[in-house]
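S.K.: Attaching a single structure in structure tokens format; questions to follow.
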Amino acid sequence: MIFSAVLVALTAFGAANAQSGSGQTTRYWDCCKESCGWSGKASVSAPVQSCDINNNPLSDNNVQSGCNGGGAYACANHSPFAVNDSLAYGFAAVNIQGGTESSWCCQCYELTFTSGPVSGQKMIVQATNTGGDLGNNHFDLMIPGGGVGIFGQGCAAQYGAPSSGWGAQYGGVSSLAECSQLPSALQAGCQWRFNWFKGADNPS
């Protein structure tokens, strides 16, 4: 997968430096408040939007994450969506080599997939989260039903999901039909994975 920061976020100091290179993808949806949703993470006009348990936008950026007993969660509209057969938009947890969370929070990156059934397709993602377990130039795509990973408590609190999430804890559901297990607000994003994304499994 080749990435480039072609739609960089505007900061108080102007446009951030563009970056490009090769990287890797994984997928997740843990329902937790995204890290870039906290005030002061980056020099931007506003942090990433968080939502309450019913997917209503929160006006207070300092509400604690539902994964830590608070009332802030990832908004359902942070699901990926297709523009056409070759382009999609979405969100991701990101780790860029040589950067820090303050340099990638809210940045947008164009990903060009180079392996699997989506080879040649492009996806533009906004960095809304980070992860201590991510490697360099790693984009963990937010896909409902993509696996809750180590934070199973978030979707359990918000939607009453099993503690291991829907499907496998790492990887999530394994078929389009299994997307029906998810709440209605998340089903379209889950179905995207098997339609536009063609069931690709962590393509480069």
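In mature numbering (1 follows the signal peptide of the UniProt record, and there is no 0), the protein residues as written are -18 to -1, 1 to 186. Virtual Cβ for every residue (Gly too), placed ideally from N, Cα, C.
1. How many Å lie between Trp178 and Asp122 at the Cα?
2. Please state whether the Cβ-Cβ distance between Gly127 and Gly98 is less than 9 Å.
3. Give the DSSP bridge partners of Asp122, in chain order.
4. Name the residue from Pro62, Cys14, Gly80, Trp86 whose alpha carbon lies nearest to the alpha carbon of Phe176.
5. Could you pull the DSSP bridge partners for Gly154 from this structure?
6. For the alpha helix (DSSP H) holding Gln135, just list the boundary residues, first then last.
7. Is the beta carbon of Cys57 sitting closer than 9 Å to the one on Gly136?
8. Helix, strand or coil for Ser61 per DSSP?
9. Please return the same chain residues whose Cβ sits closer than 6 Å to the Cβ of Gln103, not counting the five positions on each side in sequence.
10. Which of helix, strand or coil does DSSP assign to Leu40?
11. What is the DSSP secondary structure of Leu168, reduced to helix, strand or coil?
12. Give me whichever residues DSSP pairs with Ser32 in a beta bridge.
13. Please list, in chain order, all residues of the same chain as Cys18 whose beta carbon is under 8 Å from its beta carbon, the five residues on each side excluded.
14. For Asn184 versus Gly3, is the C-beta spacing smaller than 9 Å?
15. When we look at the beta-carbon of Lys180 and count the other beta-carbons within 10 Å, is it buried (16 or more) or exposed?
16. If you reduce the DSSP assignment to three classes, tell me which class Asn50 lands in.
17. Per the DSSP calculation, Ser17 is bridged to which residue(s)?
18. Return the CA-CA distance between Thr(-8) and Ala182, expressed in angstroms with no decimal places.
19. Please name the residue, chosen from Gln6, Ser27, Tyr10, that lies closest to Cys172 on a Cα-to-Cα basis.
20. Can you tell me whether Ser47 is buried or exposed, with buried defined as 16 or more other CB within 10 angstroms of its CB?
21. Within 10 Å of its beta-carbon, does Ser32 have 16 or more other beta-carbons around it, so buried, or fewer, so exposed?
M.R.: Based on what the coordinates show:
1. Going by the C-alpha atoms only, they are around 17 Å apart.
2. No; because the gap between Cβ atoms is not below 9 Å, this pair is not in contact.
3. Asp122 is bridged to Thr8, Ala75.
4. Nearest of Pro62, Cys14, Gly80, Trp86 to Phe176, Cα basis: Pro62.
5. Answer by DSSP bridge pairing, in chain order: Ala150.
6. Where Gln135 is concerned, the enclosing alpha helix (DSSP H) stretches over 135 to 141.
7. Judged by their CB atoms, Cys57 and Gly136 are not nearer to each other than the 9 Å cut-off.
8. If DSSP states are grouped into helix, strand and coil, Ser61 belongs with coil.
9. Ser68, Phe95, listed in sequence order.
10. Three-state DSSP puts Leu40 in coil, outside helix and strand.
11. Note: Leu168 maps to helix in three-state DSSP.
12. Partner(s): none; Ser32 has no beta bridge.
13. Once the five neighbours on either side are set aside, the close Cβ partners of Cys18 are Ala24, Pro29, Val30, Glu83, Cys87, Cys88, Ala109, Thr110, Asn111, Thr112.
14. Pairing Asn184 with Gly3 gives a Cβ-Cβ distance that is not under 9 Å.
15. With fewer than 16 other Cβ atoms within 10 Å, it is exposed.
16. DSSP places Asn50 in the helix class (H, G or I) of the three-state scheme.
17. Paired residues: none, contrary to the question.
18. Because Thr(-8) carries a pLDDT of 32, less than 50, the predicted location of this residue cannot be relied on, and the following value inherits that uncertainty. A direct Cα-to-Cα measurement between Thr(-8) and Ala182 gives close to 34 Å.
19. Nearest C-alpha to Cys172: Tyr10.
20. Around the CB of Ser47, 16 or more other CB atoms lie within 10 Å, so the residue is classed as buried.
21. Its Cβ being crowded by 16 or more others within 10 Å, Ser32 is buried.
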